[in-house]
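Number of protein chains: 2
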Amino acid sequence: MSYKAPLKDMLFDIKHLADIDAVAQIPGFEEAGFGTAQAVLEECAKFNEGVLSPLNWEGDKNPSIWKDGVVTTTPGFKEAYKQYAEGGWQGLQHPLDFGGQGLPKTIGAACGEMLNSANMSFALCPLLSDGAIEALLTAGSDELKAVYLEKLVSGQWTGTMNLTEPQAGSDLAMVRSRAEPQPDGSYKVFGTKIFITYGEHDMAENIVHLVLARVTGAPEGVKGISLFVVPKFMVGKDGALGARNDVHCVSIEHKMGIKASPTAVLQYGDKGGAVGYIVGQENRGLEYMFIMMNSARYAVGMQGIAIAERAYQKAVTFAKDRVQSRPVDGSINASAPIIHHPDVKRMLMTMRAYTEGCRAMASVAAAAYDASHHHPDADVRKQNQAFYEYMVPLVKGYSTEMSLEVTSLGVQVHGGMGFIEETGAAQYYRDAKILTIYEGTTAIQANDLVGRKTARDGGQTAKGIAAQIEKTEAALIMQGGAAAKAVAKRLKAAREAFVDVVEFVAGGLAKAPEGSAKASLNAVFAGSVPYLMLAGNLVAGWQLARSLLVAEEELAAGKDVDFMKAKIITAVFYADHLLSKAPGMRDSIIDGAESVTALALDAF
Amino acid sequence: MSYKAPLKDMLFDIKHLADIDAVAQIPGFEEAGFGTAQAVLEECAKFNEGVLSPLNWEGDKNPSIWKDGVVTTTPGFKEAYKQYAEGGWQGLQHPLDFGGQGLPKTIGAACGEMLNSANMSFALCPLLSDGAIEALLTAGSDELKAVYLEKLVSGQWTGTMNLTEPQAGSDLAMVRSRAEPQPDGSYKVFGTKIFITYGEHDMAENIVHLVLARVTGAPEGVKGISLFVVPKFMVGKDGALGARNDVHCVSIEHKMGIKASPTAVLQYGDKGGAVGYIVGQENRGLEYMFIMMNSARYAVGMQGIAIAERAYQKAVTFAKDRVQSRPVDGSINASAPIIHHPDVKRMLMTMRAYTEGCRAMASVAAAAYDASHHHPDADVRKQNQAFYEYMVPLVKGYSTEMSLEVTSLGVQVHGGMGFIEETGAAQYYRDAKILTIYEGTTAIQANDLVGRKTARDGGQTAKGIAAQIEKTEAALIMQGGAAAKAVAKRLKAAREAFVDVVEFVAGGLAKAPEGSAKASLNAVFAGSVPYLMLAGNLVAGWQLARSLLVAEEELAAGKDVDFMKAKIITAVFYADHLLSKAPGMRDSIIDGAESVTALALDAF
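Quick note, the sequences are listed as chains A and B, same order.
Numbered according to the numbering used here, the first sequence spans residues 1 to 604.
Numbered according to the numbering used here, the second sequence spans residues 1 to 604.
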């Protein structure tokens, strides 16, 4: 069950699709060229393969346990976390000012994939710290930054996101936790938060909770929510830890997967109020939380890619090892490793194509993020911002949904052994299922895609992407090889299906007058998740089409022949087997909207 | 987490699609008309809802345990099994001669669905007994029948199927267990069998193992395999139990799901040889085993439908109860139950349409089974036999694959709660994953479909089904309503895609000369599972199209209005959202064959 980071594929994407050398032109990233990427990724692979990967199955067998308010993590996690922090991995993408390494997301994202492939349950702790750091960087006062940021960036302390309450899941308007202003400018926070990842643990000295709550007298709904920092231990002016704050872990959940990651119920204020400090301004909490969430959503998409990669590696190893039956083509006249059977190849190719396609999509999105934040030209920033924001629900929604299919195929390749826990394939299947749920379910991502990312600009960003895809189609035709032409055909059909759907979505929303009965909205939202899946499918397939063009060039130059051939075959497989679903999805979205909502409630 | 048997839908299928009144024309089934079906199903529902359903979650929490060779099942299982046996449920479809009730499969299949919805882990024990009964009925000597059948049919004893060995999973040619003939006509059996469902337990007095092994000197491969009865306790002439036989449970597996069902490793002959009795003739074991397997494969398909139904019911209950966010159409000006959100409806409709479609397909297949075994006219028997045999891999393969999607959606509808084990939705997701694996993986079903069921008759059975579907299309057009026409359009496109694929498959196999290098076979088998999925999708959609025609007639007559309206909507949903995938699947199978097997082994 060892893990080997797919460095070659990652570096291919970083170099040829994300264009790291262009990223390195951006002020501040001068040191972050391809050489740096290679060096960082190699070091990162060493740590994850050697330290975290062996603890993954251990975490499933010996999950975090809760006793009397104290959470003890899986044996080995505490020591591994220490190494993680000391290696400087938490600070990879964070500013130099606070002790980080200031590397671009283009590099950091690949490191995130490795971390999650090696040990998804472990990786959730750093993932949440990243969110807390982003929120403080964006909206924290200088004082908060001074007290908390360096400790979070170094990994000495960890962070959490406290959104959910029993009655408030996807619907944050229903948050009831409250905060009472105190004369010294601090607040007393009261309430119950559930599903808090690493809300309590023993891996770090302190935990910095970022908590949504309502200040006394705030408006109802999402416009009355503020964001607070509530540390587990109070922090003195000198940075020394003081008394325990009034936030306590009442229990942790018994989950289907990611069992090593403690999912806490936190009780705030049972003993007079937890001391909290406001982040930014009152009633703007949701806005800040969205900053954290956008970062976390991308990271969860990466988790999908990561677990798919690990499931793929495991399935390949098994398929090369397990001997059963003769190949149908008569190529071997005896029982052979099952990888010789066409259906096993089909399953492995499906896993591979999904994973490489989504990795390519995420890599390109990461480069757009870097340009959108740091490029000197405002127009370039704006353009990249629009592209990145469109990509976030795709990276999150599509990569996690595909991870369900990939981890399921991973079990399937193992046959009966896959269902036995000790084999390890089942863990990936169980772990993956949280990914389409947390940080916003796939439906929530799809709402974001439909509303903020498509309707708001009348579909312009989406159509801009379609126009870019059309250029890739032209390049494929120009290239002229059989593989390129096969991919161009599927890409064109998928892109046309996509444009039809974008018009359906943007048109459907435009028709609906604000505030009135909006029946036409049902039709649009009935197709929202399929639209997201179609868009993700298309963009991932597009990036593999771009990969094919690069690979053909490299191949012609005699470079890295085996890798480039494999890349071409994978791109063709993706086009024939996955992109080919797109026209059917268009029909389902556009013609099928009515039947989604036609059934009377009582008939369910 | 209570379960309510979908009697109305089952009886609709039994009456209108499977045509129970025609089944009741068959000699021996005179008593088995619609009235009997209704009475039996109602009684069956009572038992399963009341006794077995409450034990389902219990079995997940407290799985069977092994200690010193003894397996203790979940608390309550033993008592429930006693009630099951006393109620006569084991004998439902078995001959009156041996104490059974002799009911047709058309009725028995629906009872099997309920049993598995209520408690899949429990239901596996009767499912395996059914297989043992079938094998003995088909090939057992009169003596074996006299000793074993009545006790199995009454449920006093249970049965098992012993195929798998560590090196022999899908590939039974590699079976190594051996049997030494004894002077008294019995055999001594030696070997290790793994993955033996209910191979050891405490619910019945005796266990009757049906074991594949090689008689000393038998040919290699599948042509040297014989089938034996090996009882756990020896049975005297008077039927009284004697000494313990030399078969012992060495351990049970730690599985992802169906945890209450003990999956045993059985050791035969460690103390001198287990006494076994041959079933039928030497070296014909695989043939007999296939009889058991065909029955078991249909039953596993039913498990897929059963668990999908249960997951659907649970998701609907949650969606009607859980309040989050306002409906997008403005129909409710406050937070509403999530069933009001279009994407939740889309998920529930997908679950519903899959389940109803597969149930309809299985019901029609059951009626064909009854006619194929009992119809007085040989031509009718033959025709029904061909249809039923074509249906078995579809019922098994398609219904179980769809159950993965449905149980996954079931978790998704629950959001974060779905990932918490106590909610119960996760259990269905974990339980379902075995269904695409045991009794032959989906790929094994697809091999059967391609080889024995399609190529052998040059695609004639498949094309015969397509011709029947064309008639349904014509009837839909004739009916002329908007719903019927919408379904006709999708059905036609799917049927045409299916015929293309059948020709591709039958043609590809015909081209391959026997015994030579058969490269063209790779292309056919690369598309075997997609072909199965396309065929299953089409047949399930076809049966819902037939349902729509019935429902429109009933509706016009003012009968059962709400149910008939729901049936029509479900059929349209299936057509628009699931049948619409068919043309893309054809493209993937026919154009995409090459990219499945193109990658060099080292490149994986």
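All C-beta atoms in this analysis are idealised placements derived from N, C-alpha and C, irrespective of residue type, glycine included.
Local conformation of residue i per DSSP, three classes
| i | result |
| --- | --- |
| methionine 256 of chain A | coil |
| glutamine 479 of chain B | helix |
| serine 644 of chain A | Any answer about residue 644 of chain A is impossible in this case: the structure gives chain A only from 1 up to 604. |
| lysine 145 of chain A | helix |
| alanine 598 of chain A | coil |
| proline 262 of chain A | coil |
| glutamine 267 of chain A | strand |
| lysine 67 of chain B | strand |
| asparagine 245 of chain B | coil |
| alanine 32 of chain A | coil |
| alanine 517 of chain A | Because alanine 517 of chain A sits at a pLDDT of 48, beneath the cut-off of 50, its placement in the model cannot be relied upon, and the point is left open. |
| valine 175 of chain B | coil |
CB contact flag (residue i, residue j, <8 Å)
| i | j | result |
| --- | --- | --- |
| phenylalanine 233 of chain B | alanine 179 of chain B | no |
| threonine 570 of chain A | arginine 359 of chain A | no |
| tyrosine 198 of chain A | leucine 136 of chain A | no |
| valine 230 of chain A | alanine 264 of chain A | no |
| lysine 382 of chain B | phenylalanine 419 of chain A | no |
| alanine 603 of chain A | aspartate 562 of chain B | yes |
| aspartate 60 of chain B | glutamine 427 of chain B | yes |
| glutamine 90 of chain B | valine 153 of chain B | yes |
| proline 75 of chain B | glutamate 58 of chain B | yes |
| histidine 612 of chain B | asparagine 162 of chain B | With chain B represented from 1 up to 604, any question about residue 612 of chain B goes unanswered, as that position is not in the structure. |
Alpha-carbon to alpha-carbon, residue j and residue i
| i | j | result |
| --- | --- | --- |
| isoleucine 332 of chain B | valine 550 of chain A | 53 Å |
| threonine 442 of chain A | glycine 301 of chain A | 11 Å |
| isoleucine 258 of chain B | proline 27 of chain A | 57 Å |
| glutamate 553 of chain B | glutamine 313 of chain B | 28 Å |
| glutamate 253 of chain A | methionine 417 of chain B | 10 Å |
| isoleucine 20 of chain B | arginine 490 of chain B | 29 Å |
| valine 279 of chain B | serine 372 of chain B | 24 Å |
| alanine 18 of chain B | glycine 112 of chain B | 16 Å |
| glycine 415 of chain B | serine 170 of chain A | 9 Å |
| glutamine 412 of chain A | arginine 346 of chain A | 12 Å |
| isoleucine 589 of chain A | tyrosine 531 of chain A | 7 Å |
| valine 392 of chain A | isoleucine 305 of chain B | 36 Å |
| lysine 4 of chain A | asparagine 62 of chain A | 24 Å |
| alanine 506 of chain A | glycine 458 of chain A | 5 Å |
| arginine 586 of chain B | aspartate 500 of chain B | 7 Å |
| tyrosine 398 of chain A | methionine 533 of chain A | 6 Å |
| valine 395 of chain B | alanine 556 of chain A | 49 Å |
First and last residue of the uninterrupted beta strand (DSSP E) at residue i
| i | result |
| --- | --- |
| alanine 179 of chain B | 178-181 |
| leucine 549 of chain A | Looking at the DSSP string, leucine 549 of chain A is not in any beta strand (DSSP E); the run it does join, the alpha helix (DSSP H), is 528-556. |
| serine 580 of chain B | Element bounds for serine 580 of chain B: n/a, residue is neither H nor E. |
| glutamate 278 of chain A | Residue identity check: residue 278 of chain A is isoleucine in the sequence provided, not glutamate. Isoleucine 278 of chain A -> beta strand (DSSP E) spans 274-278. |
| arginine 214 of chain B | 206-215 |
| serine 226 of chain B | 226-231 |
| threonine 158 of chain B | 157-162 |
Extent of the continuous alpha helix (DSSP H) run through residue i
| i | result |
| --- | --- |
| asparagine 116 of chain A | 105-118 |
| isoleucine 305 of chain A | 285-321 |
| threonine 192 of chain A | Segment 187-197 is the beta strand (DSSP E) holding threonine 192 of chain A; no alpha helix (DSSP H) there. |
Environment of residue i [buried if 16+ CB atoms lie within 10 Å]
| i | result |
| --- | --- |
| isoleucine 606 of chain A | A question about residue 606 of chain A goes unanswered here, because the residues of chain A that appear run from 1 up to 604. |
| glycine 185 of chain A | exposed |
| leucine 601 of chain B | exposed |
| glycine 584 of chain A | buried |
| threonine 216 of chain A | exposed |
| valine 524 of chain B | buried |
| proline 183 of chain B | exposed |
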